[in-house]
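If you read the sequence shown in the numbering used here, its first letter stands for residue 107, the second for the next number, and so on. Backbone N, C-alpha and C fix where the C-beta goes; we use that ideal spot for every residue, glycine too. Because the structure is a prediction, the values reported are computed rather than measured.
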Amino acid sequence: MKHNKKHKDLLFRKAFSKKKDLLELYNALNGTHYTNVKDIEITTIDGAMYVNYKNDASFILDNILNLYEHQSTWNPNMPLRGVFYYAILYRKYEKKHKLNVYGRTQLQLPMPVYVVFCNASDMKEDWVDLRLTDMFPENNRDKACLECIAHVININHGHNVDIVNGCCRLSEYVNCITTIRDHCKDVDNKNDEALGERIEEAIDVCIEKGYLADILNEERAEVLDMFLDGCSVEEYVGLQVRDQVAQATEQVTQQVTQQVTEQVTEQVTQQVTEQVTQQGLYALVNSLKTYIPDIDSVTETIRKYKGFENITKDMVEKYW
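Written out as structure tokens, the structure is:
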């Protein structure tokens, strides 16, 4: 079956393509009351000049460079993506405002704020901060010269209700996705026809209830394609399994490494102990035999020393 795991990301991008919706989303998120859409400067990367990079929404408001992304699956690497996006956004800002990055005067830039709206089914927390420095070697993180924090907000049904209900468009989006999920949860993923029918039914319900009705009415076929086209479920599951295997492999590797380290440490310790014992025995035998000519008596005397309790006569004879 064909299924686009990016469908919700694309739908989110369409839902917040207009300034008035971004303004309402910003207000809901920050507890502000901006009303003039002219205050917003859209900076979204459209993919025309930057083919491999196209973010969901970004804009400048009140000297803040807001980067809004959507994730329908959990992705701990969002801070790194944020670095890529902000590098492009600040480059565009520098060109537009003809800034001299080589001058002697310190430039003033809009402050970056990076928010990820997530409705991954396995996200349980309301809010998670992901940091770029968490991706660096643990023993050197305090020396990192670069940081990027992705504020991941759970927008699944029942989470962050104040934010979701504070933005009509976001509420419509959440209800739309919930409706489609509910209609498709009992469908065999390999049955394209049945899945298509359920999505069509869900779209009808969304339009009737006013969930993104403008988008669904005008672009119904394209929205349907968003859900049906793209990589196969098998490919997607394969990627998920690959990540899980990689995580499990890392855990096993750490366990094996620890076990091997412990074994090697034990072996080395044993070898060193044996070496020290042999050297000590040689010294004791040569010292005692000068005063005690009887090998049996020397052996008994050596056994009284700590660490030499198990010395045998044959071992003493080796150095006699």
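The straight-line gap separating the alpha-carbon atoms of Tyr-317 and Gly-137 is approximately 24 Å. A residue is called buried once 16 or more other Cβ atoms fall within 10 Å of its Cβ, and Asp-228, having fewer, is exposed. Counting along the chain, Met-184 sits inside the alpha helix (DSSP H) bounded by residues 184–202. When the five nearest sequence neighbours on each side are left out, the beta carbons in the same chain lying within less than 8 Å of the beta carbon of Tyr-388 are those of Tyr-425, in order along the chain. By a beta-carbon distance limit of 8 Å, Ile-401 contacts Lys-419. Their separation comes to about 7 Å.
Fully enclosed beta strand (DSSP E) runs of no fewer than 3 residues occupy 233–237, 255–260 of the region 229–295, in order along the chain. Rounded to the nearest whole angstrom, the CA to CA distance from Gly-302 to Arg-326 is 12 Å.
In the three-state DSSP reduction, Glu-325 falls in the coil class, being neither helix nor strand.
For a cut-off of 8 Å, the C-beta gap from Thr-179 to Ala-226 is around 5 Å, short enough to register as a contact. Taking C-beta atoms as the reference points, Phe-165 and Leu-116 fail to come closer than 8 Å. Rounded to whole angstroms, the separation of the alpha carbons of Val-293 and Ala-193 is 42 Å.
Counting along the chain, the unbroken alpha helix (DSSP H) around Asn-133 starts and ends at 125–136. Judged by beta-carbon spacing, Glu-147 lies beyond the 8 Å limit of Asn-161, meaning their Cβ atoms are not closer than that value.
Residue environment for Leu-215: exposed (fewer than 16 other C-beta atoms within 10 angstroms of its C-beta). Per DSSP, the unbroken alpha helix (DSSP H) holding Ile-408 starts and ends at 401–408.
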